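In the numbering used here, the protein residues as written are 24 to 257. Just below is one structure, and these are the notes that go with it.
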């Protein structure tokens, strides 16, 4: 490994430490939910290792709990993680034209909101080893946290597990409140999605939870994109 790659790897590892620690805390509460679904610590570890996305995993675990078929789980996980396609497109523009294709594949494997942020903040061409360094802390933090959350759910008393389960909903509230406060359209979409989910569960109970979630996600997001498109900034 060249000196330049070693330095980029070390810088990515350094910048990824706070991300990995944050992921550990969040994924621990996600592990509590995985325990309710019936996943073993190894299964939870593997799920988080291959799907480093809080919303995507939450949707996946929810559909597993609803006994949804594999197709619905795969489709809904794809929809929940679709924004990473756009982030990967942006990151691809940071690579030098001489960057081998396999580096693009490996870096694209773990494009998260936080890693995307530190990657875009880098000046000049992106050295893929910087992302590898960040992934060395992000992936273990996320996957080990999930596994330990499942283990804790099996050891702790039911009252403590129930209390920890609430933390996961607090995490999602923390995710949706800041953008909802900045953008009224986002706030309206959040309220509409809550109301639509309640109505769908009440009046469309014959349809599986996975199908309802997919339909409402595509419908509400598509309607918002058509009615309130984001204007390009010159």
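Backbone N, C-alpha and C fix where the C-beta goes; we use that ideal spot for every residue, glycine too. Small disclaimer: the values here were computed from a predicted structure and weren't measured.
Under a Cβ-count criterion, where at least 16 other Cβ atoms within 10 Å of its own Cβ denotes burial, should residue i be classed as buried or exposed?
i           : result
residue 200 : exposed
residue 64  : buried
residue 101 : exposed
residue 151 : buried
residue 70  : buried
residue 73  : exposed
Report the residue from the options whose alpha carbon sits nearest the alpha carbon of residue i.
i           : options            : result
residue 103 : 154, 119, 82       : 82
residue 128 : 45, 114, 141, 239  : 114
residue 139 : 165, 95, 158       : 158
residue 223 : 235, 121, 108      : 235
residue 177 : 62, 122, 229, 27   : 62
residue 45  : 226, 168, 241, 219 : 168
For the alpha helix (DSSP H) containing residue i, list its first residue and its last residue.
i           : result
residue 165 : 151-178
residue 106 : 106-115
residue 28  : 26-60
residue 136 : 136-143
residue 229 : Looking at the DSSP string, residue 229 is not in any alpha helix (DSSP H), and its letter there is neither H nor E.
residue 91  : Careful: residue 91 lies outside any alpha helix (DSSP H) and carries neither H nor E.
residue 252 : First-last for residue 252: undefined, no H or E at that position.
residue 67  : 64-73
Which residues in the same chain as residue i place their Cβ atom closer than 8 Å to its Cβ, once the five residues preceding and following it in sequence are excluded?
i           : result
residue 156 : 31, 32, 33, 34, 35, 36, 37, 38, 39
residue 246 : none
If you draw a straight line from the alpha carbon of residue i to that of residue j, how long is it in whole angstroms?
i           : j           : result
residue 207 : residue 249 : 16 Å
residue 124 : residue 134 : 16 Å
residue 57  : residue 126 : 32 Å
residue 173 : residue 252 : 41 Å
residue 68  : residue 51  : 11 Å
residue 221 : residue 108 : 30 Å
residue 90  : residue 76  : 21 Å
Can you name, in chain order, every residue of its own chain whose Cβ lies under 6 Å from the Cβ of residue i, other than the five neighbours on each side?
i           : result
residue 96  : 83, 86
residue 209 : 202, 203
Leaving out five residues on either side along the sequence, give the residues of the same chain with a beta carbon under 7 Å from the beta carbon of residue i.
i           : result
residue 215 : 243
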